[in-house]
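Counting in our numbering, the sequence shown runs from -8 upward without gaps. First comes the structure, then the notes that go with it.
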Amino acid sequence: MNTQSFNIASQKFRLGEVWQIKGKIDRAIASYQEALNLQPDYFPAHLKIADLMLQQGNKEKAIDHYRQVSLLDQEKKTYSHRILAKLTKNEVKNPKKTFKIMVYTDNPLVYGAEQVNHSLLCGLQKAGYKVICVTHKSDTYLVQKRKKLGIEHIFLEPDNIYSYNVGLSRVPSAIREPSEPVEIFARNQPDLIIFGNSCPISCLAAREIAMQLEIPYIIIENCADPDWVEQFTPLLDRLPSIYTASQATIAVSEDNLNLLYQLFKLPSKIGTVIYNGRGEQFFLPPNPENRSRIRQDLGIPQDVIVCCTTARLDPVKGYHYQLSAIQQLKNKKIWSKLYFIWAGSGQWEKQLKETAEKLGVSEQVKFLGVREDIPNLLDASDIFILPSEVEGMPLAVMEAMAKGLPVIATAISGTPEELGDTGKLITSPKIDSQKTIQELVETIELWANNSTLRQEIGFACKQRAEKLFQEKQMLEKYLTLVEKILFKEK
């Protein structure tokens, strides 16, 4: 036993008792937990937390701590074993409640991969599993929603794998440092880990530790950009063994799966595709009241054409191509009837706003920041645009399709597979950016002048989304996979 650690844990425990006497229960629990963080086998702290949790009506957490006390208190000097027996005597046995699933991700924002992780966390909890979210610290609306549902969060130290370059003195800790995931896995003992990756190099050290500890894990690769190969070349040889040891490696499109095979050393015969899906709120019929209210709030006339984009304000999302198209549209007869709403934040926000100002279009290009009410914004819109340079299979396009909007998007990665024969695929800017801009101008002008065409294309988009991209379909596939893995392991 580490004497210094035990002494500090004892001090934290005594502080907890003081807070408890003063009626500051939350502070008391926090102090007892600090004692356990320092000394995990300090069962008096487990006992105090268990008692307080039981008083607060949190039976499940109380049982967890009473179980720990029973394991640590071999001579049964405490009453914990008696309370535990009483609490669990008439408990309806749900085998899923015995399993702890951890969703581990490097994406703390509200876009793409994190939306999928959020859906999985909520779906797994609803199915009866105990779930834990491990991610970088943030206080987004998704985190707030999960906390209200009682989903536990463990926050990682700040890190950025995209800062990695050969020759740099500092390598991101997600790539080089195993101590953080080792501690997290040891303390929480997950039965299954789901790595929700934004890049094939995401959570690299954590995945290696899970492999070494023989903890079952699933990998979800949300994007596979060929440009990453050059950046991460020294790390790619670490991937095959990680993929081979996984219970399943999931790609979000056939194109992404093929890129993983060709460029990121995913072994053959490993890997499958599960399409992402969006919730019921995106499939509801357009709400005229939402449309009118949103337009009024944003100072947009009711009789104009609104083009919507929901994505990070980063270079890869192609907003600068939209601005170039807008510069040309200013000289078209349709210009007075066009407005653009952009929902998102990111590193290019200041630059994009300055460019819009210089072009004299800031009255008709609205920067909305991060929005939680995306379905309402889509109700207020007539056309959806996403001229990205890089994508996996964009959720933003799925959401627009589900709402029945006609979609203009670049023909990159999984987007053609997503749109099928609906919407309008335009040239990738990596092939010919001028052609991308010109096709944007032509399609916006054509669709803005033809409401019947917009409705026909939007209807086809909606039908495809209903068939392929509903959240309940996605969750059914993941829940079936999870159940197969966990009950096989048991």
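The C-beta atom is built at its ideal place from N, Cα and C for all residues, glycine as well.
Judged by DSSP in its simplified three-state form, V356 adopts strand. With three or more CB-CB distances shorter than 8 Å, the stretch 301 to 312 counts as touching the stretch 333 to 346. Pairing T418 with C452 gives a Cβ-Cβ distance that is not under 8 Å. In the structure shown, V243 falls within a coil segment according to DSSP collapsed to helix, strand and coil.
The beta-carbon distance between V398 and L386, rounded to whole angstroms, is 13 Å. This is too long to meet the 8 Å contact definition. Listed in chain order, the non-local C-beta contacts of S404 below 6 Å within the same chain comprise D246 and E382, local neighbours out to five positions each way being set aside.
8 Å or more divides the Cβ of L112 from the Cβ of V134.
Annotation for Y310: L343 place their beta carbon closer than 6 Å to its own, counting only its chain and skipping 5 residues before and after. Within its own chain, the residues whose Cβ lies closer than 7 Å to the Cβ of A371, once the five positions on either side in sequence are excluded, are N281, R282, I285, R286 and V297, listed in chain order. Cα atoms of Q116 and V220: separation of roughly 36 Å, rounded to the nearest angstrom. Within the same chain, V243, S244, G405 and E409 come within 6 Å of M384 by CB-CB distance, once the 5 residues on both sides are set aside. Under the three-pair Cβ rule at 8 Å, the stretch 425 to 432 counts as touching the stretch 312 to 328.
Annotated three-state conformation of M93 is strand, per DSSP.
Going by beta carbons, Q2 and F34 fall outside the 8 Å limit.
Looking at F(-3), G119 and D17, the one whose alpha-carbon comes closest to that of L140 is G119. Between the alpha carbons of A165 and E171 lies a gap of roughly 9 Å. The beta-bridge partner set that DSSP reports for H127 consists of L147. Comparing alpha-carbon positions, the option among Q106, S22 and N441 lying closest to E8 turns out to be S22. Per DSSP, V297 is one residue of the beta strand (DSSP E) stretching across I296 to T301.
One Cα belongs to I200, the other to P31, and the distance between them is close to 21 Å. Assignment of I40 by DSSP, reduced to helix, strand and coil, places it in the helix class. Here the alpha carbon of A177 sits roughly 19 Å from the alpha carbon of A0.
For N278, the secondary structure class from DSSP, reduced to helix, strand or coil, is coil. The C-beta of N441 has fewer than 16 other C-beta atoms within 10 Å across all chains shown, which makes the residue exposed.
In this structure, the CA atom of R167 is about 33 Å from the CA atom of L466. By the CB criterion at 8 Å, F255 and K394 fall outside the cutoff. Taking 8 Å as the upper bound for CB-CB distance, V473 and L204 are not in contact here, some 19 Å apart.
Nearest in C-alpha terms to I233, of all of I192, Y266, Q222 and L250, is I192. The residue among L396, K463, L477 and W438 with its C-alpha nearest the C-alpha of Q454 is L396. In the three-state scheme derived from DSSP, where H, G and I count as helix and E and B as strand, R18 is classed as helix.
A straight line joining the alpha-carbon of K136 with that of H109 spans about 9 Å. The bridge partners DSSP lists for L329 are I296. Look at I317 here: in three-state DSSP terms it is helix.
Under the rule that a run must span 4 or more residues, the alpha helix (DSSP H) segments found entirely inside the stretch 165 to 191 read 170 to 179. K458 sits exposed, since fewer than 16 C-beta atoms from the chains shown fall within 10 Å of its C-beta.
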